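**Q** Numbering (the UniProt record's numbering), first residue to last: 1 to 563.
1) Is DSSP giving residue 320 helix, strand or coil here?
2) What is the DSSP secondary structure of residue 28, counted as helix, strand or coil?
3) So, residue 350 versus residue 318, is the Cβ gap smaller than 8 angstroms?
4) Considering only DSSP beta bridges, list what residue 41 is partnered with.
5) Hey, how far is the Cα of residue 138 from the Cα of residue 6?
6) In the structure shown, what three-state DSSP assignment does residue 333 receive?
7) Which residue comes first and which comes last in the alpha helix (DSSP H) that contains residue 60?
8) Mind checking which residues open and close the alpha helix (DSSP H) that includes residue 301?
9) Taking Cβ positions only, does residue 139 come closer than 8 angstroms to chain B?
10) Would you kindly work out how many angstroms separate the C-alpha atoms of residue 419 and residue 520, rounded to a whole number?
11) What span of residues does the beta strand (DSSP E) with residue 422 cover, start to end?
12) If we ignore side chains and look at the alpha-carbon of each, how far apart do residue 362 and residue 394 end up?
13) To which residues of the same chain is residue 87 closer than 7 angstroms at the C-beta, ignoring the five residues directly before and after it?
14) In chain order, what residues of the same chain lie with their CB nearer than 6 angstroms to the CB of residue 24, ignoring the 5 residues before and after it?
15) With 16 other CB atoms within 10 Å as the buried threshold, where does residue 399 fall?
16) Residue 74 and residue 124 - do their beta-carbons sit closer together than 8 angstroms?
17) Suppose the cutoff is 6 angstroms on Cβ atoms and the five residues either side in sequence are ignored; what does the same chain contact list for residue 497 look like?
18) In this structure, how does DSSP classify residue 137 when only helix, strand and coil are distinguished?
19) Answer yes if the segment 334-348 comes into contact with the segment 477-491, meaning at least three C-beta pairs across the two stretches below 8 angstroms, and no otherwise.
20) Given this structure, state the Cα-to-Cα distance separating residue 118 from residue 448, to the nearest angstrom.
21) Below 8 angstroms on the Cβ atoms is my contact criterion, and I expect residue 401 with residue 368 to pass it. Report the Cβ-Cβ distance as a whole number of Å.
22) Quick check: what's the CA-CA separation for residue 493 versus residue 546?
23) Residue range of the beta strand (DSSP E) that residue 490 falls in?
24) Could you tell me which residues DSSP puts in a beta bridge with residue 276?
25) Can you check the segment 369-457 for any alpha helix (DSSP H) of at least 4 residues that lies completely inside it and give the ranges in chain order?
26) Use the C-beta contact count for residue 377: other C-beta atoms within 10 angstroms, 16 or more gives buried, fewer gives exposed.
27) Give me the residue from 153, 140 and 266 with the minimum Cα distance to residue 35.
28) Within this structure, are the beta carbons of residue 503 and residue 467 separated by less than 8 angstroms?
29) If you count every other CB in all the chains shown that lies within 10 Å of the CB of residue 590, and 16 or more means buried, which is it?
30) Can at least three beta-carbon pairs, one atom from the segment 268-276 and one from the segment 451-471, be found at a separation below 8 angstroms?
31) Just the C-alpha distance for residue 391 and residue 454, rounded to the nearest angstrom, thanks.
32) From residue 457 to residue 506, what does the alpha carbon distance come to, in whole angstroms?
33) Under three-state DSSP, which class holds residue 82?
34) Residue 445 and residue 417 - do their beta-carbons sit closer together than 8 angstroms?
35) Note down, in chain order, each residue of its chain lying with its Cβ closer than 6 angstroms to the Cβ of residue 435, except the 5 sequence neighbours on either side.
36) Quick check on the DSSP output: what are the complete beta strand (DSSP E) runs of length 3 or more inside the segment 500-538, in order along the chain?
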């Protein structure tokens, strides 16, 4: 029997695995586990290990996007289809979280048993087919489409639940849109330094993994991460005169799918739940360099330290005379030799050799008119985000990463202007700093198209296995025909696409007085933070960047394992 206090502690594990804040609540005695996307219900009378297994599966379903609104609607009330879908998708979801789950939990989710599915939609297609499917084990629980859709429709905030899922009050929760991936914002409305869990390879993830492993041996425990999430609404009539004009030139750069007017990208239409193909045109426009622009290169030493170990690959060496872990195979062989009367090899350790950096980073700076508004410290948001961009580029360049800096604004879907301040192969010199300090905030922000272009630049020109997109923006996604929830949903969708392709995403808002809940509607569950001044970046970039890079590595590792 597990009491409510124990369930509340398990919520930490569940949130880390789900990649978002969730609570663990008691289900009806004897009933299977299930989740509505915000709460995970488990039988409190069950075995402790079985409860942890159930939480791991349900949280992984949330993290992997298995409960997207579109998918859940397709399941409907078809009991057999739901069971077959859970058998395939449950294994895929656990496999996607395999890097943070102990092997004993991830073992049932081998690529072969998972049916070769690489997405929730593929799992649904397999479930609809006639091929035999290995039944889901009991701890997989069940999916209740009606309850998931009800939660999506009601848009209940996590603050409407206490730590074990009870509902202490009802203030009349307003309905929200069912968004592209069906996930909800579940964080509190107050200021929030970190809106995404710190990744499984960081301190929190390692601690949770250790706790979860020890639980299997009979002690108490916790667990590890994964994820995606919704919309933004703003009164643009107060955004200032800077938000209505564009001075961008028509210069372009050759590239794949580029014509005289630039590169085309799709856009997510949340109103009709479909993509608009080739809808936006992105032009790479060379920024004008003002002769009196400052060329001083910032001293970014404060940022170098938290970023120093970012993007450093580890090479695992087996059968070493010393190391930080036991090599199980070598230890077993040594024991066999002892039993056979031979002299054993004492090299029974695993050692980790840190290799050179293999990270490429693209910093995407919002220079739309909204950033010209007053921020903290008596400076505009643009001035502070421009300073943050310079500090990040200098620090990453000093550490040996491949780094690029692009600015963006827009004037309608056919004029999304992306300005290369520093390309991947450019040297960081005074000309780069003059370019950056010459850029002035004007026009609008078609954020989704800018993110898609930045992701493409990273994939085509990054040249490293690890990629990171850093978006510096006040979170206002607004343009002609790109208002309110539509623009926010497209930006969030673009971030989801980038992360699914193996590019880590971090979103930073510097010096702007914005509501963290509104930012979560645009950035979703991508790692993001709000800081009041550039000097505070060093306190957040380390865990945020590591979380994003490790999440991207996990995305790339799963398809590679299936190949």
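All C-beta atoms in this analysis are idealised placements derived from N, C-alpha and C, irrespective of residue type, glycine included.
Predicted, not measured: the structure shown is a model, and the values here were computed from it.
**A** In terms of the structure at hand:
1) strand
2) coil
3) yes
4) 25 and 34
5) 22 angstroms
6) helix
7) 48-63
8) 301-307
9) The displayed structure is made up of one protein chain only, and chain B is not part of it.
10) 26 angstroms
11) 416-422
12) 12 angstroms
13) 133, 134, 135 and 136
14) 7, 10, 11, 14 and 40
15) buried
16) yes
17) none
18) coil
19) no
20) 24 angstroms
21) Wrong, their Cβ atoms sit about 27 angstroms apart, outside the cutoff.
22) 22 angstroms
23) Per DSSP, residue 490 belongs to no beta strand (DSSP E); it is in the alpha helix (DSSP H), 484-500.
24) 267
25) 381-398 and 430-438
26) exposed
27) 140
28) yes
29) Here the chain has residues from 1 to 563 only, and residue 590 is not among them.
30) no
31) 19 angstroms
32) 16 angstroms
33) helix
34) no
35) 287, 289 and 421
36) 503-510 and 527-531
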